[in-house]
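Visitor: Supplied in structure tokens, the structure appears directly below.
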Amino acid sequence: MTLATATKRSARGKPGRGVADHGAWFLVLPALIPILVLSVGPLLYGIALAFTDSQSGRTEPTQWVGALNFQDLLHDTLFWDSFRIGLLWAFGVTVPQFFLALGLALLLNQPLRMRWLARALAIIPWAMPEVVVGIMWRLVYHPDAGVLNETLSDLGLGDGKDWLTGTATALFAVIVVGVWAGMPQTTVALLAGLQNTPRELHEAAAMDGAGAWRRFTTVTWPAIKPIALAITALNFIWNFNSFALVYVLTQGGPGGRTRLPMLFAYEEAFRYGQFGYAAAMGCVMVAVISVILSVYLVGRLKGGDEA
Amino acid sequence: MMRTTKPARAAQYVALAAYLVFLAFPFLWLISTAFKPARELGSLHPTWIPKDPTLDNFRQAFDEQPLLRAAGNSLIAALSAALIAVVIATPMAYVMARHRNRVAKAATGWVVISQAFPFVLIIIPLFLILKNLHLINSLLGLIMVYVVWSLPFALWMLVGYVRAVPTELEEAAAVDGASKVRTFVSVVAPLLAPGIVATAMFAFITAWNEFFFALVLLKTPEKQTLPVILNRFIGTEGVADLGPLAAAAFLATIPSLVIFAIIQKRITGGMLAGAVKA
Numbered sequence: 001m002t003l004a005t006a007t008k009r010s011a012r013g014k015p016g017r018g019v020a021d022h023g024a025w026f027l028v029l030p031a032l033i034p035i036l037v038l039s040v041g042p043l044l045y046g047i048a049l050a051f052t053d054s055q056s057g058r059t060e061p062t063q064w065v066g067a068l069n070f071q072d073l074l075h076d077t078l079f080w081d082s083f084r085i086g087l088l089w090a091f092g093v094t095v096p097q098f099f100l101a102l103g104l105a106l107l108l109n110q111p112l113r114m115r116w117l118a119r120a121l122a123i124i125p126w127a128m129p130e131v132v133v134g135i136m137w138r139l140v141y142h143p144d145a146g147v148l149n150e151t152l153s154d155l156g157l158g159d160g161k162d163w164l165t166g167t168a169t170a171l172f173a174v175i176v177v178g179v180w181a182g183m184p185q186t187t188v189a190l191l192a193g194l195q196n197t198p199r200e201l202h203e204a205a206a207m208d209g210a211g212a213w214r215r216f217t218t219v220t221w222p223a224i225k226p227i228a229l230a231i232t233a234l235n236f237i238w239n240f241n242s243f244a245l246v247y248v249l250t251q252g253g254p255g256g257r258t259r260l261p262m263l264f265a266y267e268e269a270f271r272y273g274q275f276g277y278a279a280a281m282g283c284v285m286v287a288v289i290s291v292i293l294s295v296y297l298v299g300r301l302k303g304g305d306e307a
Numbered sequence: 308m309m310r311t312t313k314p315a316r317a318a319q320y321v322a323l324a325a326y327l328v329f330l331a332f333p334f335l336w337l338i339s340t341a342f343k344p345a346r347e348l349g350s351l352h353p354t355w356i357p358k359d360p361t362l363d364n365f366r367q368a369f370d371e372q373p374l375l376r377a378a379g380n381s382l383i384a385a386l387s388a389a390l391i392a393v394v395i396a397t398p399m400a401y402v403m404a405r406h407r408n409r410v411a412k413a414a415t416g417w418v419v420i421s422q423a424f425p426f427v428l429i430i431i432p433l434f435l436i437l438k439n440l441h442l443i444n445s446l447l448g449l450i451m452v453y454v455v456w457s458l459p460f461a462l463w464m465l466v467g468y469v470r471a472v473p474t475e476l477e478e479a480a481a482v483d484g485a486s487k488v489r490t491f492v493s494v495v496a497p498l499l500a501p502g503i504v505a506t507a508m509f510a511f512i513t514a515w516n517e518f519f520f521a522l523v524l525l526k527t528p529e530k531q532t533l534p535v536i537l538n539r540f541i542g543t544e545g546v547a548d549l550g551p552l553a554a555a556a557f558l559a560t561i562p563s564l565v566i567f568a569i570i571q572k573r574i575t576g577g578m579l580a581g582a583v584k585a
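So the sequences go chain by chain: Y and R. Just so we're aligned: the first sequence equals residues 1 to 307 in the working numbering. Just so we're aligned: the second sequence equals residues 308 to 585 in the working numbering.
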């Protein structure tokens, strides 16, 4: 939604009072200095590191190696495996998350009896530390003491799967957790959009004889579309860059089946001490995300005209 | 009011029930596991409700890992980071909301871009910088990182709150000859108080829950925060004492849940203000 804020801001008229007002500088500096020193600076430093042979705990000085790290990355099949897994995970989480959240938001916008409970429950995954979410689902997935296998066998649907350690099921199992954990934010954002939609529009459409689906496509969707697109783009980026949840659930296993790019880069940097190489991975991740995002934004701007 | 047919309404209730089950069952299972005695956890047919509920897991959790100390570390880190973040973010948010100069534009751009960066690109240089400052394995170093890390969202929420404050009061102050800083401190900031509190609470929760930076920057158990200590319970082999693990995980969630319950409405409001009104 920061995206929405940024793109629309510039479109709005109101002229500012300009840089002439020196008081503004006093107000900005307390935040600006830490941002420059601890965020923008490290970011540039990180990009620079990608072109060096920087390693942890090495005695000889760090040297520039040009694009060597990137050349190595190009041939690093493990990295591209993790990249593919990262994209699978990001799509696999973001898409179901959006549709489930949309469904829940539409329900919560209806005068239903138990919706206060659903609203309260929808907070839980959002407020929980990701580590706790991971631990909790490990307990659910536990082969013997877990509720999932027990329920499945009670229902006569087979028994005793090692969800998180089975090569066939691990990625699917972590994706389910990702969907569960991220659904609330999306639901709340969409619900906020729904509640801003004027009721009269719905009533007018209903009077004209529009059915539920027609009302959704002609009234509801146009109203929530900006929020929906912004939150989906952000979710995709956040999911692609995520770490804690999968780290706690599987540590990237079994055999790298759930090793997201962030887990791979973390291991490379802090287990093997390859700072330069890991920084290069970070740069590649940023580049790919930027490309995806710009394709998406261009599509959104075009789509904006017809809507 | 729109009319909804009976079958449609029934379908809505069925769907709502399905959502309730999906959202609640992992959490209920966590609580159930936390109160189960060891022999029930070892049984091959686990039950939803502990037959013989016990508090042993909680006691054992405190014995196995330095939970109290970790909670103390988390509290110090999250509280300091939240306070510093809102103190420095509020004036900047004011400028971002009210001015359209280069600083405000660059800050807005940074807020957007910072959402897209993989932390690994930031953490390696930060690790090297903090190492040179001897701030690895120190809460102070972690707090510095948390302040900057929580700034984008804090700014975003606060900009929304500032926009909700009518400009007439500031114009009146300007006519009276008050400086920019003076106007901000005595006119705008007091009106923002509820929004500032909500933002601080949100910053507190994000720092309380944070794992990645703490994992990288804190080395010894005496310094580690709650999420890192919780992860230690699992162990390298992934084998864990399920009962104490569940008990500790449940306890670690309570502060965030309580705070979140209090500020949930305001966060929704802040998101709306940031996304829709802008």
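Note that beta-carbon positions come from the ideal geometry of N, C-alpha and C, so glycine has one too. Predicted model, so just to flag it, every value in this text is computed and none were measured.
1. Is ILE570 (chain R) helix, strand or coil when you go by DSSP?
2. Roughly how many whole angstroms lie between the Cα atoms of GLY211 (chain Y) and ALA204 (chain Y)?
3. Please report how far the alpha carbon of GLN319 (chain R) lies from the alpha carbon of VAL246 (chain Y), in whole angstroms.
4. Would you verify that the beta carbon of LEU152 (chain Y) is, or is not, closer than 8 Å to some beta carbon of chain R?
5. In chain Y, which residues lie with their C-beta within 8 Å of the C-beta of ILE512 (chain R)?
6. Strictly below 7 Å CB to CB, what residues from chain Y border HIS352 (chain R)?
7. Buried or exposed: where does ARG409 (chain R) fall if 16 or more other Cβ atoms within 10 Å of its Cβ makes it buried?
8. Does LYS526 (chain R) pass the burial test, meaning 16 or more other C-beta atoms within 10 Å, or should it be called exposed?
9. Okay, do the segment 516-523 of chain R and the segment 449-464 of chain R touch, 3+ Cβ pairs below 8 Å being the bar?
10. According to DSSP, is THR232 (chain Y) helix, strand or coil?
11. Under 8 Å, Cβ to Cβ, is there at least one residue of chain Y near MET399 (chain R)?
12. Between HIS441 (chain R) and chain C, is there a C-beta pair that is closer than 8 Å?
13. Under 8 Å, with one C-beta from each stretch per pair, do the segment 422-430 of chain R and the segment 38-52 of chain Y reach the 3-pair mark?
14. Cβ closer than 8 Å: which chain R residues qualify as neighbours of PRO30 (chain Y)?
15. For LEU49 (chain Y) and chain R, any beta-carbon pair shorter than 8 Å?
16. Are three or more beta carbon pairs between the segment 242-258 of chain Y and the segment 130-150 of chain Y nearer than 8 Å?
17. Considering just the uninterrupted stretch of the alpha helix (DSSP H) at ARG259 (chain Y), what are its terminal residues?
18. Please compile the residues from chain R whose C-beta is within a distance smaller than 9 Å of the C-beta of ASN241 (chain Y).
19. How about GLY57 (chain Y): is its C-beta nearer than 8 Å to some C-beta of chain R?
20. Would you verify that the beta carbon of THR506 (chain R) is, or is not, closer than 8 Å to some beta carbon of chain Y?
21. For the segment 66-82 of chain Y against the segment 253-270 of chain Y, are there 3 or more C-beta pairs whose distance is under 8 Å?
22. Using a cut-off of 7 Å between C-beta atoms, extract the partners of GLU130 (chain Y) located in chain R.
23. Does the segment 147-163 of chain Y come close enough to the segment 63-80 of chain Y that 3 or more CB-CB pairs lie under 8 Å?
24. Keeping to the same chain, check which residues put their C-beta closer than 6 Å to that of GLN110 (chain Y); ignore five residues upstream and five downstream.
25. Which residue's Cα is closest to the Cα of ALA555 (chain R): R:ALA322, R:ARG376, R:LEU437 and R:ARG316?
26. To be precise: take each residue of the segment 270-285 of chain Y, compare its Cβ to all Cβ atoms of chain R, and keep it if any distance is under 8 Å. Which residues remain?
27. Does any C-beta atom of chain Y lie closer than 8 Å to the C-beta of LYS313 (chain R)?
28. Give the single residue among R:THR506, R:ARG470, R:ALA480 and R:PRO551 whose Cα lies nearest to the Cα of ILE391 (chain R).
29. Taking the straight line between their C-alpha atoms, what separation do you get for ALA122 (chain Y) and ALA192 (chain Y)?
30. To which residues of the same chain is ARG215 (chain Y) closer than 8 Å at the C-beta, ignoring the five residues directly before and after it?
31. Nearest to GLY542 (chain R) by CA position, among Y:ALA228, Y:LEU234, Y:ALA223 and Y:GLN251, is which residue?
32. Between the C-alpha atoms of VAL248 (chain Y) and ASN538 (chain R), what's the straight-line distance to the nearest angstrom?
33. Using a Cβ-Cβ distance under 8 Å, would SER39 (chain Y) count as near chain R?
34. Counting only Cβ pairs nearer than 9 Å, list the residues of chain Y close to LYS358 (chain R).
35. Suppose the cutoff is 7 Å on Cβ atoms and the five residues either side in sequence are ignored; what does the same chain contact list for PRO398 (chain R) look like?
36. Label PHE172 (chain Y) either buried or exposed according to how many other C-beta atoms from any shown protein chain fall within 10 Å of its C-beta, with 16 as the threshold for buried.
Guide: Reading from the atomic positions:
1. helix
2. 12 Å
3. 33 Å
4. no
5. ALA127
6. GLU150
7. exposed
8. exposed
9. yes
10. helix
11. yes
12. Looking at the structure shown, chain C is missing, and the protein chains on hand are Y and R.
13. yes
14. VAL394, ILE395, PRO398 and MET399
15. yes
16. Yes, the segment 242-258 of chain Y is in contact with the segment 130-150 of chain Y.
17. ARG259 (chain Y) -> no alpha helix (DSSP H), and no H or E assigned at all.
18. ALA423, PHE424, PRO425, PHE426 and VAL427
19. The beta carbon of GLY57 (chain Y) does not come within 8 Å of any beta carbon belonging to chain R, so the residue lies off that interface.
20. no
21. yes
22. ASN516 and PHE518
23. no
24. Once the five neighbours on either side are set aside, GLN110 (chain Y) has no close Cβ partner at all.
25. R:ARG376
26. PHE270, PHE275, ALA278, ALA279, MET281, GLY282, CYS283 and MET285
27. False, the Cβ-Cβ gap to chain Y never drops below 8 Å.
28. R:THR506
29. Cα to Cα, the separation comes out at about 14 Å.
30. HIS202, ALA205 and ALA206
31. Answer by Cα proximity: Y:GLN251.
32. 7 Å
33. yes
34. By Cβ distance, chain Y contributes nothing, its closest Cβ being about 14 Å from LYS358 (chain R), past 9 Å.
35. PHE491
36. exposed
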